[in-house]
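Colleague: Handing you this structure, nothing more for now.
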(Lines of atoms letter the chains of each structure in order from A; the text may use other names.)
(Lines give C-alpha, C1' and ligand atoms only; values in the text may rest on other atoms or scores of the structure.)
Protein backbone atom coordinates (compact mmCIF):
# COMPACT_ATOMS: atom_id res chain seq x y z
CA UNK A 6 0.00 0.00 0.00
CA UNK A 7 1.38 3.39 -0.99
CA UNK A 8 2.11 5.76 1.87
CA UNK A 9 2.74 9.49 2.12
CA UNK A 10 4.32 11.69 4.75
CA UNK A 11 1.94 12.58 7.57
CA UNK A 12 2.09 16.38 7.46
CA UNK A 13 5.23 17.69 9.19
CA UNK A 14 5.80 14.55 11.25
CA UNK A 15 8.37 11.83 10.58
CA UNK A 16 5.59 9.30 10.10
CA UNK A 17 3.98 7.91 6.96
CA UNK A 18 0.32 7.01 6.50
CA UNK A 19 -1.40 4.85 3.91
CA UNK A 20 -3.18 6.84 1.21
CA UNK A 21 -6.15 4.52 1.58
CA UNK A 22 -7.72 3.83 4.95
CA UNK A 23 -10.93 2.21 6.17
CA UNK A 24 -14.00 4.23 7.06
CA UNK A 25 -16.53 2.88 9.57
CA UNK A 26 -19.41 5.33 9.22
CA UNK A 27 -21.82 2.55 8.19
CA UNK A 28 -21.56 0.50 11.38
CA UNK A 29 -24.97 0.75 13.06
CA UNK A 30 -26.06 0.02 16.63
CA UNK A 31 -29.70 -0.68 15.88
CA UNK A 32 -31.58 -3.70 14.50
CA UNK A 33 -28.47 -5.65 13.50
CA UNK A 34 -27.67 -9.27 14.28
CA UNK A 35 -24.37 -10.93 15.21
CA UNK A 36 -23.60 -11.88 11.60
CA UNK A 37 -23.72 -8.22 10.59
CA UNK A 38 -20.99 -7.29 13.07
CA UNK A 39 -18.92 -10.35 12.20
CA UNK A 40 -19.02 -9.30 8.55
CA UNK A 41 -17.73 -5.86 9.49
CA UNK A 42 -14.94 -7.42 11.55
CA UNK A 43 -13.93 -9.71 8.68
CA UNK A 44 -13.86 -6.72 6.34
CA UNK A 45 -11.69 -4.70 8.71
CA UNK A 46 -9.29 -7.62 9.07
CA UNK A 47 -9.05 -8.05 5.32
CA UNK A 48 -8.45 -4.34 4.89
CA UNK A 49 -5.55 -4.49 7.34
CA UNK A 50 -4.09 -7.44 5.44
CA UNK A 51 -4.32 -5.40 2.24
CA UNK A 52 -2.36 -2.56 3.83
CA UNK A 53 -5.26 -0.33 4.87
CA UNK A 54 -3.85 0.04 8.37
CA UNK A 55 -5.39 3.47 8.92
CA UNK A 56 -8.84 2.95 10.46
CA UNK A 57 -11.13 5.94 10.90
CA UNK A 58 -14.02 5.92 13.36
CA UNK A 59 -15.94 8.25 15.70
CA UNK A 60 -18.03 8.19 18.84
CA UNK A 61 -21.00 9.29 16.71
CA UNK A 62 -20.86 6.23 14.42
CA UNK A 63 -23.46 3.87 15.80
CA UNK A 64 -23.23 5.89 19.03
CA UNK A 65 -20.06 4.11 20.03
CA UNK A 66 -20.77 0.77 18.36
CA UNK A 67 -18.30 1.42 15.53
CA UNK A 68 -15.52 2.11 18.02
CA UNK A 69 -16.42 -1.06 19.89
CA UNK A 70 -16.28 -3.19 16.72
CA UNK A 71 -12.98 -1.61 15.68
CA UNK A 72 -11.61 -2.20 19.17
CA UNK A 73 -12.42 -5.90 19.04
CA UNK A 74 -10.60 -6.24 15.71
CA UNK A 75 -7.49 -4.21 16.42
CA UNK A 76 -6.86 -6.10 19.67
CA UNK A 77 -5.75 -8.99 17.43
CA UNK A 78 -2.89 -6.96 15.92
CA UNK A 79 0.30 -5.28 16.96
CA UNK A 80 -0.83 -1.78 17.96
CA UNK A 81 2.24 -0.19 16.38
CA UNK A 82 1.21 -1.52 12.96
CA UNK A 83 -2.05 0.42 13.00
CA UNK A 84 -3.05 4.06 12.79
CA UNK A 85 -6.33 4.74 14.62
CA UNK A 86 -8.31 7.94 14.15
CA UNK A 87 -11.43 8.85 16.09
CA UNK A 88 -13.55 11.97 16.45
CA UNK A 89 -15.43 13.73 19.22
CA UNK A 90 -18.97 14.84 18.40
CA UNK A 91 -19.85 18.47 19.27
CA UNK A 92 -22.54 17.64 21.81
CA UNK A 93 -20.00 18.07 24.60
CA UNK A 94 -19.75 21.74 25.48
CA UNK A 95 -17.64 21.59 28.65
CA UNK A 96 -13.98 20.69 28.87
CA UNK A 97 -14.66 18.02 31.47
CA UNK A 98 -17.30 16.27 29.35
CA UNK A 99 -15.06 16.45 26.27
CA UNK A 100 -12.21 14.75 28.09
CA UNK A 101 -14.61 12.15 29.46
CA UNK A 102 -15.86 11.46 25.92
CA UNK A 103 -12.27 10.89 24.77
CA UNK A 104 -11.70 8.43 27.62
CA UNK A 105 -14.89 6.54 26.72
CA UNK A 106 -13.78 6.28 23.11
CA UNK A 107 -10.40 4.93 24.19
CA UNK A 108 -12.12 2.37 26.39
CA UNK A 109 -14.40 1.20 23.55
CA UNK A 110 -11.40 0.95 21.25
CA UNK A 111 -9.43 -0.83 23.98
CA UNK A 112 -6.35 1.32 23.37
CA UNK A 113 -4.32 3.69 25.51
CA UNK A 114 -4.07 6.47 22.95
CA UNK A 115 -5.41 7.60 19.59
CA UNK A 116 -2.98 8.15 16.77
CA UNK A 117 -5.14 11.04 15.60
CA UNK A 118 -8.07 12.66 17.40
CA UNK A 119 -10.36 15.10 15.62
CA UNK A 120 -13.12 17.56 16.42
CA UNK A 121 -15.91 16.06 14.29
CA UNK A 122 -17.73 19.31 13.47
CA UNK A 123 -17.39 22.96 14.45
CA UNK A 124 -19.96 23.80 17.11
CA UNK A 125 -22.14 26.71 18.15
CA UNK A 126 -22.17 25.32 21.69
CA UNK A 127 -18.45 25.52 22.38
CA UNK A 128 -15.82 27.91 21.09
CA UNK A 129 -13.01 26.79 18.83
CA UNK A 130 -10.61 28.10 21.47
CA UNK A 131 -12.02 25.75 24.10
CA UNK A 132 -12.00 22.82 21.66
CA UNK A 133 -8.34 23.44 20.88
CA UNK A 134 -7.48 23.72 24.56
CA UNK A 135 -8.98 20.29 25.16
CA UNK A 136 -7.20 18.74 22.18
CA UNK A 137 -3.89 20.15 23.34
CA UNK A 138 -4.48 18.86 26.88
CA UNK A 139 -5.23 15.38 25.52
CA UNK A 140 -2.05 15.51 23.46
CA UNK A 141 0.10 16.60 26.39
CA UNK A 142 -1.41 13.89 28.60
CA UNK A 143 -0.59 11.14 26.12
CA UNK A 144 -4.17 10.42 25.08
CA UNK A 145 -3.42 11.13 21.41
CA UNK A 146 -0.30 11.42 19.28
CA UNK A 147 -1.68 13.99 16.83
CA UNK A 148 -4.70 16.26 16.61
CA UNK A 149 -6.87 17.67 13.85
CA UNK A 150 -10.38 18.65 12.84
CA UNK A 151 -13.17 17.58 10.53
CA UNK A 152 -15.59 19.67 8.46
CA UNK A 153 -13.83 22.92 9.36
CA UNK A 154 -13.56 25.74 6.85
CA UNK A 155 -10.09 27.09 6.11
CA UNK A 156 -10.84 30.14 8.28
CA UNK A 157 -11.98 27.93 11.17
CA UNK A 158 -8.86 25.80 10.73
CA UNK A 159 -6.64 28.90 10.86
CA UNK A 160 -8.43 30.12 13.98
CA UNK A 161 -7.98 26.73 15.63
CA UNK A 162 -4.27 26.76 14.87
CA UNK A 163 -3.93 30.22 16.39
CA UNK A 164 -5.27 28.95 19.72
CA UNK A 165 -2.75 26.10 19.97
CA UNK A 166 0.34 26.91 21.99
CA UNK A 167 2.78 24.05 21.45
CA UNK A 168 1.53 21.91 18.59
CA UNK A 169 -0.11 21.93 15.17
CA UNK A 170 -3.28 20.64 13.59
CA UNK A 171 -2.11 18.08 11.04
CA UNK A 172 -5.39 17.08 9.42
CA UNK A 173 -8.80 18.25 8.24
CA UNK A 174 -11.32 15.63 7.17
CA UNK A 175 -13.67 16.88 4.46
CA UNK A 176 -16.26 15.48 2.07
CA UNK A 177 -14.67 15.35 -1.38
CA UNK A 178 -15.30 13.28 -4.48
CA UNK A 179 -15.85 13.62 -8.22
CA UNK A 180 -19.31 15.13 -7.80
CA UNK A 181 -18.37 17.24 -4.78
CA UNK A 182 -15.14 18.99 -5.75
CA UNK A 183 -15.51 22.28 -3.87
CA UNK A 184 -12.92 21.50 -1.19
CA UNK A 185 -10.32 20.64 -3.81
CA UNK A 186 -10.51 24.25 -4.99
CA UNK A 187 -11.42 26.12 -1.81
CA UNK A 188 -9.45 24.21 0.83
CA UNK A 189 -6.78 21.91 -0.60
CA UNK A 190 -4.41 24.64 -1.91
CA UNK A 191 -4.10 26.02 1.64
CA UNK A 192 -3.45 22.58 3.15
CA UNK A 193 -0.88 21.77 0.50
CA UNK A 194 0.92 25.04 1.22
CA UNK A 195 0.94 24.32 4.97
CA UNK A 196 1.69 20.60 4.46
CA UNK A 197 -1.50 19.54 6.23
CA UNK A 198 -3.19 16.26 5.28
CA UNK A 199 -6.70 16.50 3.86
CA UNK A 200 -8.69 13.31 4.37
CA UNK A 201 -11.44 12.94 1.78
CA UNK A 202 -14.46 11.10 3.13
CA UNK A 203 -17.33 9.77 0.99
CA UNK A 204 -14.92 9.31 -1.95
CA UNK A 205 -17.62 7.50 -3.94
CA UNK A 206 -20.43 9.88 -3.09
CA UNK A 207 -23.51 8.31 -1.54
CA UNK A 208 -24.41 5.76 -4.21
CA UNK A 209 -21.03 4.62 -5.48
CA UNK A 210 -21.53 6.33 -8.86
CA UNK A 211 -23.71 3.49 -10.10
CA UNK A 212 -26.32 6.09 -11.11
CA UNK A 213 -23.83 8.58 -12.54
CA UNK A 214 -24.83 9.86 -15.97
CA UNK A 215 -23.80 12.42 -18.56
CA UNK A 216 -20.43 13.85 -19.54
CA UNK A 217 -18.69 13.03 -16.25
CA UNK A 218 -19.56 9.34 -16.54
CA UNK A 219 -18.23 9.24 -20.11
CA UNK A 220 -14.97 10.83 -19.00
CA UNK A 221 -14.73 8.43 -16.07
CA UNK A 222 -15.32 5.42 -18.29
CA UNK A 223 -12.68 6.69 -20.72
CA UNK A 224 -10.04 6.89 -17.98
CA UNK A 225 -11.14 3.55 -16.49
CA UNK A 226 -10.64 1.88 -19.87
CA UNK A 227 -7.10 3.28 -20.04
CA UNK A 228 -6.23 1.49 -16.80
CA UNK A 229 -8.40 -1.62 -17.08
CA UNK A 230 -10.18 -0.47 -13.94
CA UNK A 231 -13.70 0.19 -12.68
CA UNK A 232 -15.07 3.72 -12.51
CA UNK A 233 -15.08 3.41 -8.71
CA UNK A 234 -11.36 2.59 -8.69
CA UNK A 235 -10.62 5.59 -10.88
CA UNK A 236 -12.74 7.85 -8.65
CA UNK A 237 -10.64 6.82 -5.63
CA UNK A 238 -7.34 6.98 -7.53
CA UNK A 239 -8.26 10.45 -8.78
CA UNK A 240 -8.53 11.80 -5.24
CA UNK A 241 -5.28 10.33 -3.95
CA UNK A 242 -3.37 11.51 -7.00
CA UNK A 243 -3.60 14.98 -5.45
CA UNK A 244 -0.82 16.05 -3.11
CA UNK A 245 -1.61 15.79 0.61
CA UNK A 246 -4.85 13.85 0.04
CA UNK A 247 -5.75 10.50 1.57
CA UNK A 248 -9.17 8.87 1.65
CA UNK A 249 -11.19 6.48 3.82
CA UNK A 250 -13.85 4.59 1.85
CA UNK A 251 -16.04 2.26 3.87
CA UNK A 252 -16.42 -1.27 2.58
CA UNK A 253 -18.74 -3.85 4.08
CA UNK A 254 -17.98 -6.45 1.41
CA UNK A 255 -14.52 -7.96 0.98
CA UNK A 256 -14.65 -7.79 -2.83
CA UNK A 257 -15.08 -4.01 -2.53
CA UNK A 258 -12.04 -3.87 -0.25
CA UNK A 259 -9.94 -5.65 -2.84
CA UNK A 260 -11.12 -3.25 -5.54
CA UNK A 261 -10.33 -0.27 -3.31
CA UNK A 262 -6.83 -1.57 -2.58
CA UNK A 263 -6.01 -1.77 -6.28
CA UNK A 264 -7.11 1.84 -6.71
CA UNK A 265 -4.27 2.94 -4.45
CA UNK A 266 -1.74 1.74 -7.01
CA UNK A 267 -3.28 3.39 -10.08
CA UNK A 268 -1.14 6.29 -11.30
CA UNK A 269 -3.16 8.71 -13.40
CA UNK A 270 -1.55 11.15 -15.78
CA UNK A 271 -1.99 14.85 -15.10
CA UNK A 272 -4.14 15.07 -18.23
CA UNK A 273 -6.44 12.33 -16.91
CA UNK A 274 -6.75 14.02 -13.54
CA UNK A 275 -7.52 17.40 -15.10
CA UNK A 276 -10.07 15.79 -17.43
CA UNK A 277 -12.15 14.79 -14.40
CA UNK A 278 -11.96 18.20 -12.74
CA UNK A 279 -14.92 20.54 -13.05
CA UNK A 280 -12.58 23.58 -13.00
CA UNK A 281 -8.98 24.22 -14.07
CA UNK A 282 -6.36 23.11 -11.55
CA UNK A 283 -2.62 23.74 -11.33
CA UNK A 284 -0.32 20.81 -12.09
CA UNK A 285 1.62 21.70 -8.93
CA UNK A 286 -1.34 20.44 -6.90
CA UNK A 287 -0.98 16.94 -8.33
CA UNK A 288 1.59 14.32 -7.45
CA UNK A 289 4.27 13.86 -10.08
CA UNK A 290 5.30 10.41 -8.91
CA UNK A 291 4.35 7.95 -6.24
CA UNK A 292 6.35 8.29 -3.05
CA UNK A 293 8.01 5.07 -2.10
CA UNK A 294 6.14 3.30 0.66
CA UNK A 295 7.78 3.02 4.03
CA UNK A 296 9.27 -0.40 4.57
CA UNK A 297 6.39 -2.64 5.50
CA UNK A 298 6.39 -4.69 8.65
CA UNK A 299 4.78 -8.06 9.05
CA UNK A 300 1.35 -7.71 10.62
CA UNK A 301 1.11 -9.75 13.79
CA UNK A 302 -2.18 -11.50 14.50
CA UNK A 303 -3.10 -13.34 17.66
CA UNK A 304 -4.01 -17.04 17.46
CA UNK A 305 -7.58 -16.02 18.30
CA UNK A 306 -8.13 -14.92 14.71
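Numbering (the working numbering), first residue to last: 6 to 306.
The beta carbon of each residue, even a glycine, is placed where N, CA and C say it ideally should be.
Since the structure is predicted, the reported quantities are computational estimates derived from the model, not experimental observations.
Below 6 Å CB to CB, which residues in the same chain sit around residue 86 once its five sequence neighbours on both sides are set aside?
Modeller: Translated into positions along the chain shown, residue 86 becomes position 81. Counting only Cβ-Cβ distances below 6 Å, and skipping sequence neighbours, we find 57, 117.
Colleague: What is the residue span of the beta strand (DSSP E) that residue 218 lies within?
Modeller: Mapped onto the chain shown, residue 218 falls at position 213. Segment 215-227 is the alpha helix (DSSP H) holding residue 218; no beta strand (DSSP E) there.
Colleague: Classify residue 50: buried if its beta carbon has 16 or more other beta carbons within 10 angstroms, exposed otherwise.
Modeller: Position 45 of the chain shown, counting from 1, holds the residue named residue 50. Exposed, by the Cβ-count rule.
Colleague: Specify whether the region 93-105 and the region 71-82 touch according to this definition: at least 3 beta carbon pairs, one from each stretch, less than 8 Å apart.
Modeller: no
Colleague: On a CA-only basis, which of 200, 282, 180, 138 is nearest residue 153? Give me that one, please.
Modeller: Residue 153 sits at position 148 when you count from the first residue of the chain shown. The residue with the shortest Cα to Cα distance from residue 153 is 200.
Colleague: Would residue 269 and residue 220 be called neighbours here (beta carbons separated by less than 8 Å)?
Modeller: Residue numbering aside, residue 269 sits at position 264 when the chain shown is read from its first letter. Residue numbering aside, residue 220 sits at position 215 when the chain shown is read from its first letter. No, Cβ-Cβ distance for residue 269 and residue 220 is not below 8 Å.
Colleague: Determine the DSSP secondary structure at residue 46, reduced to helix, strand or coil.
Modeller: Within the chain shown, the letter at position 41 stands for residue 46. Residue 46 falls in the helix class under three-state DSSP.
Colleague: Using DSSP with H/G/I as helix, E/B as strand and the rest coil, what is residue 267?
Modeller: The sequence position of residue 267 within the chain shown is 262, counting from 1. Coil.
Colleague: In angstroms with no decimal places, state the Cα-to-Cα distance between residue 168 and residue 89.
Modeller: As a first step, residue 168 is located in the chain shown; it is residue number 163 there, counting from the start. As a first step, residue 89 is located in the chain shown; it is residue number 84 there, counting from the start. The alpha-carbon atoms of residue 168 and residue 89 are separated by roughly 19 Å.
Colleague: By alpha-carbon positions, which one of 282, 247, 283 ends up nearest to residue 6?
Modeller: The sequence position of residue 6 within the chain shown is 1, counting from 1. Comparing Cα positions, the closest option is 247.
Colleague: I think residue 129 touches residue 91, with their Cβ atoms under 8 Å apart; what is that distance to the nearest whole Å?
Modeller: Translated into the one-based positions of the chain shown, residue 129 becomes position 124. Translated into the one-based positions of the chain shown, residue 91 becomes position 86. That pair is no contact at about 11 Å.
Colleague: Whole angstroms are fine: how far does the CA of residue 15 sit from the CA of residue 5?
Modeller: In the structure as shown, the chain begins at 6 and stops at 306. Residue 5 is therefore absent and cannot be evaluated.
Colleague: Verify whether the separation of the beta carbon atoms of residue 110 and residue 174 is less than 8 Å.
Modeller: Here residue 110 refers to the residue found at position 105 when the chain shown is read from its first residue. Here residue 174 refers to the residue found at position 169 when the chain shown is read from its first residue. It is not a contact, given that the beta carbons lie outside the stated cut-off.
Colleague: Alpha carbons only, please: which of 63, 261, 256 is nearest the one belonging to residue 249?
Modeller: By one-based count along the chain shown, residue 249 stands at place 244. Closest option to residue 249, Cα to Cα, is 261.
Colleague: What is the residue span of the beta strand (DSSP E) that residue 191 lies within?
Modeller: Stepping through the chain shown from its first residue, residue 191 is reached at position 186. It is not in any beta strand (DSSP E) - residue 191 instead sits in the alpha helix (DSSP H) that spans 189-195.
Colleague: Quick check: what's the CA-CA separation for residue 146 versus residue 33?
Modeller: For the purposes of this step, residue 146 is identified with residue 141 of the chain shown, where counting begins at 1. For the purposes of this step, residue 33 is identified with residue 28 of the chain shown, where counting begins at 1. Cα to Cα, the separation comes out at about 33 Å.
Colleague: With distances taken from CA atoms, which of 23, 156, 212, 24 is nearest residue 187?
Modeller: Position 182 of the chain shown, counted from the start, is the residue given in the question as residue 187. Comparing Cα-Cα distances from residue 187 to each of 23, 156, 212, 24, the minimum goes to 156.
Colleague: Are the region 251-265 and the region 230-241 touching, with three or more C-beta to C-beta distances below 8 Å?
Modeller: yes
Colleague: Quick one: complete beta strand (DSSP E) runs, 3+ long, within the region 65-123?
Modeller: 84-89, 115-120
Colleague: Suppose the cutoff is 8 Å on Cβ atoms and the five residues either side in sequence are ignored; what does the same chain contact list for residue 107 look like?
Modeller: Taking the first residue of the chain shown as position 1, residue 107 is located at position 102. Answer for residue 107: 113, 114, 115, 144, listed in chain order.
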